[in-house]
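Following: one structure in structure tokens, then a few remarks.
Numbering (the working numbering), first residue to last: 2 to 438.
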């Protein structure tokens, strides 16, 4: 931990502030969001489809607007978009705690999603710009702060929600309001390099987008990385469902689910910088990305083995044996998913900058987030279908085989991109020039 703190201090104040920002953003977000569905369905008494609609609007408004948010950041500057997103999320979270009508809840949910689309690409592009040649290490530290917020947020939210959900909403809104004021005072203004045409006129948005969509290496990389997001999201989807299936809905099941998140978050906080330093010293970025995806695919082997073993040896009906059978395989999977993410994430963020040719970086991050967000939605839908079908057919190992295969396919795709040289910046620049001609 001392080494991590020393690394953080070695960066400029703007980079350090962006890392603290991300921790605080996740703290406020995860204080509230895990308990929103329960509030909507419980005290407010909304139908299940309305709860799903309100949550879906938030996700859609964020994923659908990432490209717009990134484009605005590149044209107007990173700081205005970061502050705008924080202010908008302040208003959205406060509204969620104060209103009960469905239209107002939908508007507040959309505002919280749009807020993420504004500050997410801008903050990553800002971090990449100010970290310079130390981008990989900076994004490793960024992930430490990111995971720390995810780990602490639900714990704080649990205590506040025990008082009242409106208290949680207002506390989260207050965090974002304070964070907004800090950015206004302390975050230096930073703009992307201006992109001009050959005759000195600033490029239009549509021309910029055509150039990005013509950047085949970037698009291929984005598609290859979709699987990593589908797999990592299983910490929130299939792994907790498997724990509940085996351990039940009682305290033991709840404790086992808590172990998943603790293993994932704490392992990243403790080991991220060490893993990144080890990989950077021994691997090219493309190779590190490949091994990260391999580790994520291997994360489902413990669940696969547990499913096969359960068909031969009955699961204990109670006691420590039941708890271990419900908690241990998913916890091992969560640990391997965290390891794969630790390996891949810093090089993933750096590769986007390199494929962008250090040009319109926020716009590239925005499109990348949109592609991966669509992939997560489709992947989670298919995973849910596979879980239901597997249980109905008595083949519980099927989802784990499919997710493991997804990891290997994505790793193979990244290996091909790396070996063919498509992850080299020159390839992206050539595609951009072709589109602009």
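Even for Gly, the Cβ is constructed at its ideal location relative to N, Cα and C. Since the structure is predicted, the reported quantities are computational estimates derived from the model, not experimental observations.
Residue i in three-state terms, based on DSSP
i           : result
residue 203 : strand
residue 227 : helix
residue 78  : coil
residue 57  : helix
residue 424 : coil
residue 17  : helix
residue 284 : coil
residue 300 : coil
residue 216 : coil
residue 48  : coil
residue 157 : helix
residue 27  : helix
residue 208 : helix
residue 191 : coil
residue 147 : helix
residue 436 : Confidence in residue 436 is poor, its pLDDT being 44 and thus under 50, which makes the residue's placement too unreliable to answer from.
residue 100 : coil
residue 358 : coil
residue 247 : helix
residue 36  : helix
residue 73  : helix
Residue range of the alpha helix (DSSP H) that includes residue i
i           : result
residue 114 : 103-132
residue 4   : 3-10
residue 409 : 399-420
residue 177 : 166-187
residue 368 : 362-394
Candidates the options: closest to residue i by CA position
i           : options            : result
residue 451 : 128, 211, 238      : Residue 451 cannot be examined here, being either before or after the span of the chain that is shown, 2 to 438.
residue 236 : 382, 147, 300, 209 : 300
residue 400 : 409, 386, 412      : 386
residue 75  : 57, 130, 148       : 130
residue 397 : 310, 260, 361, 83  : 310
residue 240 : 391, 46, 327       : 327
residue 6   : 106, 162, 270, 86  : 270
residue 171 : 329, 82, 33, 358   : 33
residue 186 : 125, 263, 178      : 178
residue 163 : 232, 140, 258, 36  : 36
residue 1   : 419, 59, 353, 47   : A question about residue 1 goes unanswered here, because the residues of the chain that appear run from 2 up to 438.
residue 86  : 277, 182, 418, 47  : 182
residue 204 : 402, 349, 72       : 72
residue 260 : 52, 154, 335, 65   : 335
residue 263 : 152, 331, 41, 54   : 152
residue 46  : 368, 91, 103       : 103
residue 123 : 423, 409, 354      : 354
residue 57  : 40, 81, 110        : 110
residue 184 : 10, 368, 20, 364   : 20
residue 344 : 384, 287, 64       : 287
residue 180 : 295, 141, 23, 41   : 23
residue 210 : 14, 363, 11        : 363
residue 419 : 356, 367, 156      : 356
Cβ-based burial, residue i [other Cβ within 10 Å; buried from 16]
i           : result
residue 4   : exposed
residue 266 : buried
residue 25  : buried
residue 62  : buried
residue 275 : exposed
residue 166 : buried
residue 341 : buried
residue 138 : buried
residue 101 : exposed
residue 390 : exposed
residue 174 : buried
residue 421 : exposed
residue 293 : buried
residue 243 : buried
residue 375 : exposed
residue 406 : exposed
residue 282 : exposed
residue 208 : exposed
residue 52  : buried
residue 97  : buried
residue 268 : buried
residue 433 : Any answer about residue 433 is weak, because its pLDDT of 49 lies below 50 and its placement is not dependable; what the coordinates show is given next. It is buried - the Cβ of residue 433 has at least 16 other Cβ atoms within 10 Å.
residue 134 : exposed
beta-carbon residue i near the ligand ZN non-hydrogen atom, thresh 7 angstroms
i           : result
residue 222 : As far as ligands go, the structure on display features none, and thus does not contain the ligand ZN.
Cutoff 8 angstroms: residue i Cβ touching any chain E Cβ
i           : result
residue 349 : In the structure shown, chain E cannot be found, because there is only a single protein chain.
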